[in-house]
Amino acid sequence: MQEINIPISDDTIHGLKVGDPVMLNGIMLTGRDTVHKWMIDTFIRKTREPQGDDLKVYEAIKPLLNKSVIYHCGPVVSGLDTRHYEFVAAGPTTSIREEPYQAEVMSHFNIKGVIGKGGMGPKTLQGCKDTPGVYLHAIGGAASYIAQRVTRVLEVFKLEFGVPEAMWVIEVKDFPVVVTMDAKGQSLHAVIQERSSKVLQELLVK
Amino acid sequence: MHDITENILELIRRTSTDLPSDVEKHLRTSIENEEPGSAARGALETILKNVTLARKNATPICQDTGTPIFYVHYPEGMSTRKLKEQIRAAIAEATKRSYMRPNAVDVLTEKNSGNNLGGESFPYIHFEEVEGDELTIELMLKGGGCENVGAQYSLPDSRLGAGRDLAGIRKVVLDAVQKAQGQGCAPGILGVSFGGDRGAGYLASKEVLFDKMDEGNSDPRLAALEKQLTDEANQMGIGPMGFGGKTTVLNTKITGLHRLPASYFVSVSYMCWAYRRRKMTIHGNKVTFD
């Protein structure tokens, strides 16, 4: 199995194809619904004025996201009272909800990998070609297993979004994923969608 | 009645961290149907490793500890007000102990309450008085990913050619499975109800998921349809996580409700493989868990 260290180069991205199992090592950020909407509204489409520590957080996450990975995950975290944070359970959340935002977020921050579950649509697939980047599928629900691959929680931003929606900066070792959308424009999800649709049509006329 | 907050806390711990044996058995059997070395088989292997680990470490099987859905069957004379207070206290404590993720978000202010308590509806608690002197509390934790791919159809549905009969029900349920793809964390379990109004239909489609997987339907027509739906859903090749493969649906449960002459709803609740539901029974001082 291929091991990939973060930060990830464009050459590495171009070498990946749909179906490749990969182990990730390095520092990544979690980010899901609230974070994507906040990034888009405040810094990308700029329909909302920055507030509070928005600009400070933006400057802090830019270098962290550059050539790195964003993980669609709302973890269970212990140590909230002492701030000695540890990930207890941390599987992926459904990615398709970020479809309206993901490509722009990838390109704005130069994000090389998006981890989640369930796959994403044509906009993100185009984003994977343009950035370039890949979509990496983690095993949904395997939360205790994946949490053990998180070796350290380095920092948290925007905890006021709530524990699941905050941006957690984590270090991972041997984080298992499968490439299901690559920078060549291939998507396993599009293939399965089309194939299952054909079988459904056959079943409906039975 | 003595305070049972501690017992409810234990029920929550078990539900969140210890996958029921019938679910695990079905997952283990399904592995053999997937090609060695395939992504589908890899996904199932990881799922089972996770199940073992979560049980051993008493950590949540899935980080999305879902909507807590309680069904309380209480004997005559027991205070439902006190039971509700104890359930809510146990939920808050379970969140503190990381058995539960803080999951209750104010829909207007977007603020997470931090303790899984939110208004009157979170957690969801249903009370039912029963004969005898035994108290049973059932708990289901249903995550958002699979809840989002649930669906409701109003029959007839001309797009799918589905009429108001079992053949029509079959068609719309298969459509729901195809639309869900891997996004509900396949392999899933289908809770289906037909009839009722929209609200009652969805509720019944969840209630039927409290049943054991191998408990057959007492109506032979529905039992046959359940089997057919599981088989045909698996022909679609969606597979674990939507990676492709033979295991898309592990089981189907169907129940019927009386309906208005004008309405014919089919409601589908998709349950992810992390099919977390447990039961606690209290009889005098004796507490048992299923």
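Residue numbers (the numbering used here), protein chains in the order written: chain A, -10 to 195; chain B, 21 to 310.
The beta-carbon is built from N, C-alpha and C at its ideal position, and this holds for glycine as well.
Treat the numbers as computed from the prediction; the structure is a model and nothing was measured.
Going by alpha carbons, who is nearest to residue i out of the options?
i, options, result
"N(-6) (chain A)", "A:N14, A:D171 and A:T19", "A:N14"
"A172 (chain A)", "A:L5, A:E(-8), A:I(-3) and A:Q(-9)", "A:L5"
"Y90 (chain A)", "A:L44, A:D9, A:P111 and A:G41", "A:P111"
"L177 (chain A)", "B:A60, B:Y295 and B:F309", "B:A60"
"R75 (chain B)", "A:V145, A:D43, A:S133 and A:P165", "A:S133"
"R138 (chain A)", "A:L44, A:V46, A:P64 and A:D9", "A:P64"
"R121 (chain B)", "B:D177, B:P281 and B:T85", "B:T85"
"L155 (chain B)", "B:M291, B:A294 and B:I24", "B:I24"
"P153 (chain A)", "A:V7, A:Q115 and A:V66", "A:V66"
"I209 (chain B)", "B:A112, B:Y173, B:L249 and B:S174", "B:L249"
"M109 (chain A)", "A:V7, A:V24, A:E(-8) and A:E88", "A:E88"
"W293 (chain B)", "B:R34, B:K45 and B:N27", "B:K45"
"G134 (chain B)", "B:E113, B:D153, B:G152 and B:E148", "B:E113"
"T115 (chain B)", "B:A253, B:T87 and B:D153", "B:T87"
"V7 (chain A)", "A:V188, A:I16 and A:Y124", "A:Y124"
"F147 (chain B)", "B:G139, B:I157 and B:D153", "B:I157"
"E227 (chain B)", "B:D153, B:I81, B:F90 and B:T49", "B:F90"
"V288 (chain B)", "B:A109, B:D251, B:I189 and B:T35", "B:I189"
"I81 (chain B)", "B:K162, B:L180 and B:R48", "B:K162"
Quick check: the Cα distance between residue i and residue j, rounded to an integer number of angstroms?
i, j, result
"L29 (chain B)", "Q83 (chain B)", "18 Å"
"M256 (chain B)", "V269 (chain B)", "10 Å"
"T37 (chain B)", "T79 (chain B)", "5 Å"
"I107 (chain B)", "L137 (chain B)", "10 Å"
"A49 (chain A)", "R141 (chain A)", "18 Å"
"R54 (chain A)", "P(-4) (chain A)", "Sequence check: residue 54 (chain A) is Leu here, not Arg. Going from the Cα of L54 (chain A) to the Cα of P(-4) (chain A) covers about 9 Å."
"I51 (chain B)", "E235 (chain B)", "22 Å"
"V286 (chain B)", "R298 (chain B)", "26 Å"
"Q175 (chain A)", "T169 (chain A)", "8 Å"
"L44 (chain A)", "K51 (chain A)", "11 Å"
"S118 (chain B)", "A136 (chain A)", "13 Å"
"D310 (chain B)", "V43 (chain B)", "13 Å"
"L159 (chain B)", "K56 (chain A)", "43 Å"
"L186 (chain B)", "C62 (chain A)", "39 Å"
"A179 (chain A)", "K195 (chain A)", "25 Å"
"V150 (chain B)", "R101 (chain B)", "16 Å"
"S178 (chain B)", "N123 (chain B)", "38 Å"
"L175 (chain B)", "G183 (chain B)", "6 Å"
"H3 (chain A)", "K147 (chain A)", "33 Å"
"E183 (chain A)", "I258 (chain B)", "10 Å"
Using DSSP bridges, identify the partner residues of residue i.
i, result
"P95 (chain B)", "B:V150"
"P88 (chain B)", "B:L161"
"Q(-9) (chain A)", "A:V11"
"I104 (chain A)", "A:Y60 and A:L125"
"V24 (chain A)", "In the DSSP output, where bridge partners are listed per residue, V24 (chain A) has none listed."
"I274 (chain B)", "B:V212"
"P207 (chain B)", "P207 (chain B) pairs with nothing; no bridge assigned."
"Y173 (chain B)", "B:V286"
"I302 (chain B)", "B:L155 and B:V307"
"V65 (chain A)", "A:A78"
"S176 (chain A)", "A:M170"
"P165 (chain A)", "A:M12"
"M291 (chain B)", "B:I209"
"E160 (chain A)", "A:I16 and A:R141"
"A182 (chain B)", "B:D177"
"F142 (chain B)", "B:G138"
Flag residue i as yes if its beta-carbon sits less than 8 Å from any beta-carbon of chain A, otherwise no.
i, result
"P80 (chain B)", "yes"
"S118 (chain B)", "yes"
"Q201 (chain B)", "yes"
"F263 (chain B)", "yes"
"P233 (chain B)", "In the sequence on display, residue 233 (chain B) carries Met and not Pro. By this cut-off, M233 (chain B) is not an interface position."
Mind checking if residue i is an interface residue toward chain B, Cβ cutoff 8 Å exclusive?
i, result
"L18 (chain A)", "no"
"I(-7) (chain A)", "no"
"K6 (chain A)", "no"
"I128 (chain A)", "yes"
"G174 (chain A)", "no"
"G107 (chain A)", "yes"
"V161 (chain A)", "no"
"R138 (chain A)", "no"
"P153 (chain A)", "yes"
"Y134 (chain A)", "yes"
Given 8 Å as the limit, is there contact between the stretch 87 to 104 of chain A and the stretch 79 to 99 of chain B, that is, 3 or more CB pairs closer than that? no
Three-pair Cβ contact test at 8 Å for the stretch 219 to 230 of chain B versus the stretch 191 to 203 of chain B: no
Are three or more beta carbon pairs between the stretch 32 to 40 of chain A and the stretch 77 to 88 of chain A nearer than 8 Å? Short answer: they don't touch.
Evaluate the contact criterion for the stretch 141 to 150 of chain B versus the stretch 259 to 276 of chain B: three or more CB pairs, one atom per stretch, below 8 Å. no
Quick test of the definition: if touching needs 3 or more C-beta pairs under 8 Å, does the stretch 119 to 135 of chain A touch the stretch 62 to 69 of chain B? yes
Would the stretch 18 to 32 of chain A count as touching the stretch 143 to 157 of chain A if we require 3 or more Cβ pairs under 8 Å? yes
Could you tell me whether the stretch 42 to 55 of chain B touches the stretch 117 to 135 of chain B, where touching means 3 or more Cβ pairs closer than 8 Å? no
Examine the Cβ distances between the stretch 272 to 290 of chain B and the stretch 205 to 214 of chain B and report whether three or more of them are shorter than 8 Å. The stretch 272 to 290 of chain B vs the stretch 205 to 214 of chain B: in contact.
Report yes or no: do the stretch 67 to 78 of chain A and the stretch 151 to 170 of chain B share at least 3 C-beta pairs separated by less than 8 Å? no
Is the stretch 243 to 250 of chain B close to the stretch 181 to 194 of chain B, with three or more CB pairs under 8 Å? yes
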